[in-house]
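Below is one structure, written out as structure tokens; comments come after it.
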Amino acid sequence: MRRAFSLTTSAALLLALAGCASSGTQTPTAPAPRPAPLQDAAAQAPLSDQAMLATLWIQRSAEFHALSLQAFNVAHDRLNLALARRHAQDKPLAVVVDVDDTVLDTTSYGGWALREGRTYDSQSWADWVDDAVSTASPGAVEFLNYAHASGVDVYYITNRKAAGKQATIANLAALGFPQANAEHVMPRTDSSDKTARRARVTQGHDIALLMGDNLGDFDQAFQQSTTRARNAEVARQADQFGRRFVLLPNPTYGEWEGVLYDGNWSASEREKRAMRDAALNAWQPESGTVSQGK
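Each residue of the sequence shown is one higher than the one before, starting from 0 at the first, in numbering that gives the first Met the number 0.
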């Protein structure tokens, strides 16, 4: 029975093939190409696209909103402690804050760049600053007004260029920030190092708190050329965080990124992508280990 079934089946197949040939049926076409691997697609996308999820996290996540509130709540408590410890003969207290992504949200610029397939450039940034469209970071206006009402001076030390100073003042004032004026808004002039500007504040004040999203907002000692050295300096000054230094999260840009490129911001997109990839710690399933990025 098995052999008879096999012969019958074979005959049927031969008849079917003959019918196809006589009817002019085309020979089978080559299979469709397989989709490109995900890593190939990622390599074709603009490098700026890698910032999309981080930008959306700041703009849309309740977690970022909560972390910002938490930072300003910590600042509130630490300022109260500094006020309680003051003596009549002491200098007036000051709070020093960074501007971008500390008290003002800059991610609308990042959102524009993502939609346009662009990366940061100084001209488009200057145009965006001049439009004065930043929104306030959650908790920032309330905390700084509390500080000012408590007799504490507020200084905004920013690495925006001096050309954008008036627009920055207008933006801060429109949002209700205190002391948004030429004396208290201190932009960059010849250097992004904030040491000299902090020193100007300390001439007449004791700085109770510094707030920022980048370690350079606190101390130039954090300006190190490797991730290891930056982390070592953080460990050395560990007792300052949450006490005198209040850090806000910013995964979209910062000096941490420049360290990945060995300070070479002019590297091509392809080179930057390769350096980012090389910095990753990654699971190696073949060996059951984790490779350490540089």
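Quick reminder that beta carbons are idealized off the backbone N, C-alpha and C, glycines included.
DSSP state of Q88 mapped onto helix, strand, coil
In the displayed model, Q88 falls within coil according to three-state DSSP, outside both helix and strand.
Measure the alpha-carbon distance for D192 versus S290 and round it to whole angstroms.
Going by the C-alpha atoms only, they are around 35 angstroms apart.
Using a Cβ-Cβ cutoff of less than 8 angstroms, which residues in the same chain neighbour S224 once the five nearest sequence positions on both sides are dropped?
Listed in chain order, the non-local C-beta contacts of S224 below 8 angstroms within the same chain comprise V258, D261, G262, local neighbours out to five positions each way being set aside.
Give the single residue among V102, A148, E254, G110 whose Cα lies nearest to the Cα of A228.
The candidate whose alpha carbon is nearest that of A228 is E254.
Under 7 angstroms between C-beta atoms of E67 and G138
For the sequence presented, residue 67 should be read as Ser rather than Glu. Contact flag set, yes.
Would you tell me roughly how many angstroms separate the C-alpha atoms of A198 and E285, rounded to the nearest one?
Cα to Cα, the separation comes out at about 54 angstroms.
Under the three-state DSSP convention, the category G211 falls into
Looking at G211 - three-state DSSP - the assignment turns out to be strand.
Whether T167 touches V140 by CB criterion (7 angstroms):
One thing to note: T167 has its Cβ no nearer than 7 angstroms to the Cβ of V140.
Which residues does DSSP pair with W296 in a beta bridge?
No answer is possible for residue 296: it lies beyond the span of the chain, which begins at 0 and ends at 293.
Do the segment 97 to 108 and the segment 152 to 160 meet, that is, are 3 or more Cβ pairs less than 8 angstroms apart?
As far as the Cβ criterion goes, the segment 97 to 108 touches the segment 152 to 160, which means the pair count is three or higher.
Evaluate G287 with the Cβ neighbour count: other Cβ atoms within 10 Å of its Cβ, from every protein chain shown; 16 or more gives buried, anything less gives exposed.
Exposed.
Rounded straight-line distance, which links the Cα of S123 to that of A161:
Approximately 16 angstroms, taken between the alpha carbons.
For Y250, which residues of its own chain have a beta-carbon under 6 angstroms away from its beta-carbon, when the five flanking residues on both sides are left out?
The sequence given here places Pro at residue 250; Tyr does not occur at that position. Exclusion of the five residues before and after P250 leaves A53 as the residues of its chain whose Cβ lies within less than 6 angstroms of its Cβ.
Hey, which unbroken runs of the alpha helix (DSSP H) at 4 residues or more fall wholly within the segment 117 to 158?
Here the runs fully enclosed are 121 to 130, 139 to 148.
Once you ignore the five residues that flank A277 on each side, which residues in its own chain have a CB closer than 8 angstroms to its CB?
Closer than 8 angstroms at Cβ, skipping near neighbours: G292, K293.
Compute the distance between the beta-carbons of V94 and A207, then report whether it is under 7 angstroms.
Yes; because the gap between Cβ atoms is below 7 angstroms, this pair is in contact.
Three-state secondary structure assigned by DSSP to L279
In this structure, L279 counts as coil in the three-state DSSP scheme.
Using the C-alpha atoms, what's the distance from L246 back to F240?
Rounded to the nearest angstrom, the two C-alpha atoms are 7 angstroms apart.
Distance, V153 Cα to T134 Cα:
Between T134 and V153, the alpha-carbon positions lie close to 18 angstroms from each other.
Near P91, which residues of its chain fall below 8 angstroms by C-beta distance, leaving aside the five closest residues on each side in sequence?
Excluding sequence neighbours, P91 sits near G150, V151, D152, G203, H204, D205.
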